[in-house]
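First up is the structure itself, then whatever we jot down about it.
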Amino acid sequence: MTTHITYCRNCAAMCGLEVTKEDGRITNIRGDRNHPVSEGYFCIKGMATRDFHNGEDRLLSSLRRNADGTFDAIDAETAMDEIHEKLGKIIAEHGVESVALYYGTGANCNVLSVPAAKAWMDALGSPYIFSSMTVDQSAKWVTAGRMGVFLTGKHKVPEADVMMVIGSNPAASHACYGLPSPNPIKHLREAQKSGTKFIVVDPRRTELARLADLYLPVRPGQDAALFAGLIRIVLEEGLADSGFCARFTTSLDRLRAAVDAFTPDHVAQRTGIDADTLHQAARMFASASKKSAMSGTGPNMALNSNLSEHLIEAFTAICGGYRSAGDRIRNMGYYGAPPAVGAAKGSEVREAVMPPRRSWDLGPKLRTVNTGPIGGEYPTSLLPSEIKGNAKGKIRALIHVGGNLVKALPEPNRTIPILQELDLLVSVDVRETATGRLADYQIATSGHYEHHDFNLALDYMLPTTFAQIAEPFMARPEGVIEDWEFFQGMARRMNKSLHMRRPMFGVAHRDIPGPELAITNDMRSEDLVRWLADSGRSNYDELRAHPGGINFKNVEAIIEPSREDDGARLDLCPPDVDEEIRSLRQTEDIVPGYPYRLIPRRLIEVMNSAYTNAAQTRRRYPTNPVFMNEEDMAQLDLTEGGMVKLTSRTGAAVIGRARKDSGLQPGVISMCHGWGDPNLPGEQDPDAFSGRLVSLDADLETINFMPRQSSVPVQIERHEG
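Taking full-length UniProt numbering, the leading residue of the sequence shown gets 1, the next gets one more, and so forth.
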């Protein structure tokens, strides 16, 4: 029996773990109490990796599809030979731009996966990269492009006096920029004891909302109206930070005029939040010395998501809700200041603006829509239209890594047949996902504890500058390869060289700063992780000597005042945002015949579609519940576990079992995404995938073409089937 120190790779928290194994099987997992960041905390998803590594719900060999739709085992090298041959024919006839890449959450949690995938696409010469981010929170990229970014970043716990959290529940997601990801509720309680006040905006009284000092139960889809109203109050009452606005913003007068019609009474009518509470929230936030507003998937997936995010950031800006000269930055990143706090030189960070840059107007455009990349990627909701049909320039081959596109996109009845039109679909994953079952090849890849790793991918979410490498201690099943080895294997067969760069979220491969590594055929994953470690604040050998990680407590920065005025400004209300605000005032979200609104939620047991089939998840949630308010259940004469049918304007239906949630407002329904698979043997609720109710092309946002995945109008009725 041996115990190994490592960290979890299921989400942004990256909690420290102690994993015990015996006779090649994991027998126990517990939190690493000596871990400098997580301090022994971990959640049930960490425990799920035990069953996964012991063989549950994973691919143990690569697979090749037969003509009848069944799969046979195939060794990875032979699979790559065949994939190379088929790709070669596609490229010879249709060009490199007929090849696209999609990567998901699983790839983001593997430090070598996305850098290798992007390096391969760069070597190939195809710009067409898609990911789960553009159907998640890409409104943040849109806002950065239209408004700009204040490079000092925002206050975090514990330094914030007031923190506003909009549509995020870190108790389940472990992802809220202002709160440390591991054990977020503990940090919230400690911050409250020290005087921090929390304002929570959410249609559902979540675990976080129940702890709030002020809770704003906004109606689903009304976040933009809410923040237009809060901005109006701040400006009308003279609560804005006039010094910050004068020095670092522009178009304030246009913003003032645009939100003028969002009076407290009008906003109260739309949001369900009374005028007195609106004033209380605006004053509480604006009057604080150090304030911070953070949004999650809630407003970013709902109606008017781009406008909601822009107004949240405009509200932050007019209140001066950023770190300023004299404030301390405790997480300077392993390579220097992370993107959230600007491009630092050494330890220097100054007050400065990164001006707006509308990347979607630049770079190669898609075939079906005249739009370019955002965050170095293209809108995933447009991928089906880029595949569909037989027109010149269509995407014909898709490499799919560490994700589940069928569950990331809405309307599977439309997307699945389109994916089946591809000349070649390759799934590179540890699991046989719903997307993998459509693939021509499924390449089986290593699990968390079977390869070298480094916590760089999401280290900007951590409270301090911290680094930890992980070494493999579980043997890979024979024939299983690593994600990056697939891309290196393909590059070798194509006589191309991969030039890997550091992982950096939301940045195109060639725009990532720092050195690059030319991967050679004799390199191993340890060599690649060594290169990443040796080019930062420490080195591989030092980190290896500290398996629980190193907390660089002395690596901090004091923000310096701005230098001379370079003219860069945050654009609070560019013309298109002005138009969106005025349009919002003239429209209301009333859909006859669909009186309920469906919102998503997370369960701590799962990460998107991962672990939905895990035994420990199914013990707690045998099916995907339809969470409802007690009043709504009573109106339908439903009891706990009663069957209900939800129908949306797509014409599709979802069948599920009702579960009471007193935190929901009447008229609001809540379901988890990523569940339900009619092709999975033994699935108890095959029709419980909430994405069926979301339209692939109705209510799309401009710029990022984000589908309306929250505040979805639905009907609900008892189901007797």
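The beta carbon of each residue, even a glycine, is placed where N, CA and C say it ideally should be.
Fair warning: this is a prediction, and the values are worked out from it, not measured in the lab.
Let's test the definition: count the other Cβ atoms within 10 Å of the Cβ of residue i and tell me whether it reaches 16, buried, or not, exposed.
i: residue 662; result: exposed
i: residue 553; result: exposed
i: residue 539; result: exposed
i: residue 7; result: buried
i: residue 34; result: exposed
i: residue 23; result: exposed
i: residue 396; result: buried
i: residue 348; result: exposed
i: residue 180; result: buried
i: residue 707; result: buried
i: residue 590; result: exposed
i: residue 704; result: buried
i: residue 558; result: exposed
i: residue 636; result: exposed
i: residue 345; result: Any reading at residue 345 needs caution, since the residue's pLDDT is 42, under 50, leaving its predicted position unreliable; the model's value is listed next. So residue 345 ends up on the exposed side.
i: residue 563; result: exposed
i: residue 75; result: exposed
Once the 5 residues before and after residue i are set aside, which same chain residues still bring their CB inside 7 Å of it?
i: residue 295; result: 166, 167, 168, 309 and 312
i: residue 372; result: 359, 360, 361, 362, 363, 364 and 365
i: residue 42; result: 8, 15, 17 and 31
i: residue 664; result: 204, 627, 628, 629 and 670
i: residue 225; result: 262, 267, 270, 271 and 584
i: residue 57; result: 431, 613 and 614
i: residue 494; result: 84
i: residue 508; result: 373 and 376
i: residue 388; result: 418 and 421
i: residue 435; result: 400, 404, 405, 406 and 427
i: residue 176; result: 165, 168, 170, 184, 294 and 296
Is residue i helix, strand or coil by DSSP?
i: residue 652; result: coil
i: residue 413; result: helix
i: residue 465; result: coil
i: residue 237; result: coil
i: residue 319; result: coil
i: residue 354; result: strand
i: residue 55; result: coil
i: residue 722; result: Nothing can be reported for residue 722, as the shown portion of the chain is limited to 1 through 721.
i: residue 708; result: coil
i: residue 266; result: helix
i: residue 130; result: strand
i: residue 610; result: strand
i: residue 344; result: Low confidence applies here, because residue 344 scores a pLDDT of 42, under 50, leaving its location unreliable and the question unanswered by this model.
i: residue 674; result: coil
i: residue 28; result: strand
i: residue 581; result: helix
i: residue 72; result: strand
Take residue i and list the residues in its own chain whose beta-carbon comes closer than 8 Å to its own, dropping the five residues that flank it on each side.
i: residue 96; result: 124, 125 and 126
i: residue 178; result: 154, 155, 156, 157, 160, 163, 165, 292 and 294
i: residue 111; result: 453, 454, 455, 456, 457, 503, 529 and 532
Give me, in chain order, the residues of the same chain whose beta-carbon lies closer than 6 Å to that of residue i; leave out the 5 immediate sequence neighbours on both sides.
i: residue 504; result: 512
i: residue 710; result: 301, 302, 599 and 600
i: residue 282; result: 230, 233 and 234
i: residue 465; result: 331, 332, 552 and 555
i: residue 526; result: 452
i: residue 568; result: 353 and 355
Which partner residues does residue i have in the DSSP bridge list?
i: residue 4; result: 19
i: residue 250; result: 571
i: residue 442; result: 63 and 427
i: residue 668; result: 597
i: residue 164; result: 199 and 293
i: residue 400; result: 102 and 427
i: residue 713; result: 597
i: residue 377; result: 374
i: residue 450; result: Bridge partners of residue 450: none, in fact.
i: residue 334; result: 336
i: residue 625; result: 657
i: residue 215; result: 200
Using a Cβ distance threshold of 8 Å, determine whether the segment 643-663 contacts the segment 708-715, with at least three qualifying pairs required. yes
Between the segment 407-423 and the segment 687-703, do three or more beta carbon pairs fall short of 8 Å? yes
Cβ contact check for the segment 564-582 and the segment 247-261: 3 or more pairs under 8 Å: yes
Sufficient close CB pairs (3 or more, under 8 Å) joining the segment 140-152 to the segment 512-523: no
Per the contact definition of three or more C-beta pairs closer than 8 Å, is the segment 70-85 in contact with the segment 438-449? yes
Is there contact between the segment 469-480 and the segment 529-548, where contact requires at least three CB pairs shorter than 8 Å? yes
Could you tell me whether the segment 470-486 touches the segment 106-121, using the rule of 3 or more Cβ pairs below 8 Å? yes
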